[in-house]
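Notes follow once the structure below has been shown.
In UniProt numbering, the protein residues as written are 1 to 197.
The following block contains the structure:
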């Protein structure tokens, strides 16, 4: 009877070894995760940055890139941090690559020393003169200024109860402010041009 008993230890060992051999021979190995092309990763991060900058144009591009790098490109997490005000300032050593030339929003250094980078929108929107159709008023105002000096009306006007009069007065004030800002900027540019360097 002792010869009729099977020893379970060697039987289990044979089954396990045969299972491992069959698995090795017939089961295909799992595909290795492909390494991403560095340029593809850069493009993906830049696209994510552009999407976030379209939503939050006043947020610094460098801070967005830093947070995207920290979160592995997770746009939702970066957006959540911006909304809650927890977007971390990147360290000074973090220098992201410049934005691609075709991007709609680019950063430009301020001309005055001591100021950081600010967001400047490229010509996706027209200037205020074009936007409010003030080209003809600009030429007529400059001609009138050359003929006589501007007279400033210091009378205090009462707020009109007529909606149309109020709207016309506000529109005239807006146009006057835009034209005055344009004249100041032209004078400033002319002074910079004539100033010795």
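Heads up, the beta-carbon is just placed ideally off N, CA and C, and yes, glycines get one too.
Quick caveat, the model's predicted, so the values are computed rather than measured.
Option nearest residue i by Cα separation, candidates the options
i, options, result
"residue 66", "9, 181, 89, 135", "89"
"residue 252", "94, 52, 38, 96", "Outside the shown range of the chain (1 to 197) lies residue 252, about which nothing can therefore be said."
"residue 76", "185, 186, 48, 25", "48"
Coil, strand or helix - residue i by DSSP
i, result
"residue 27", "coil"
"residue 85", "coil"
"residue 9", "helix"
"residue 194", "helix"
"residue 95", "coil"
"residue 218", "Missing from the structure shown is residue 218; the chain here goes from 1 to 197 and no further."
Rounded C-alpha distance that separates residue i from residue j
i, j, result
"residue 138", "residue 193", "22 Å"
"residue 68", "residue 91", "14 Å"
"residue 169", "residue 136", "19 Å"
"residue 188", "residue 134", "21 Å"
"residue 164", "residue 40", "56 Å"
"residue 24", "residue 80", "46 Å"
"residue 19", "residue 95", "53 Å"
"residue 180", "residue 50", "35 Å"
Check whether residue i and residue j have beta carbons under 8 Å apart
i, j, result
"residue 182", "residue 129", "yes"
"residue 45", "residue 9", "no"
"residue 78", "residue 71", "yes"
"residue 61", "residue 97", "no"
Sequence-distant residues of the same chain with beta carbon closer than 8 Å to residue i, five excluded per side
i, result
"residue 132", "174, 175, 178"
"residue 101", "none"
"residue 63", "87, 88, 89, 90"
6 Å CB neighbourhood of residue i in its chain, flanking five on each side removed
i, result
"residue 54", "none"
"residue 160", "166"
Closer than 8 Å to chain D by CB, residue i
i, result
"residue 184", "As a matter of chain content, chain D is missing from the structure shown, which is built from one protein chain."
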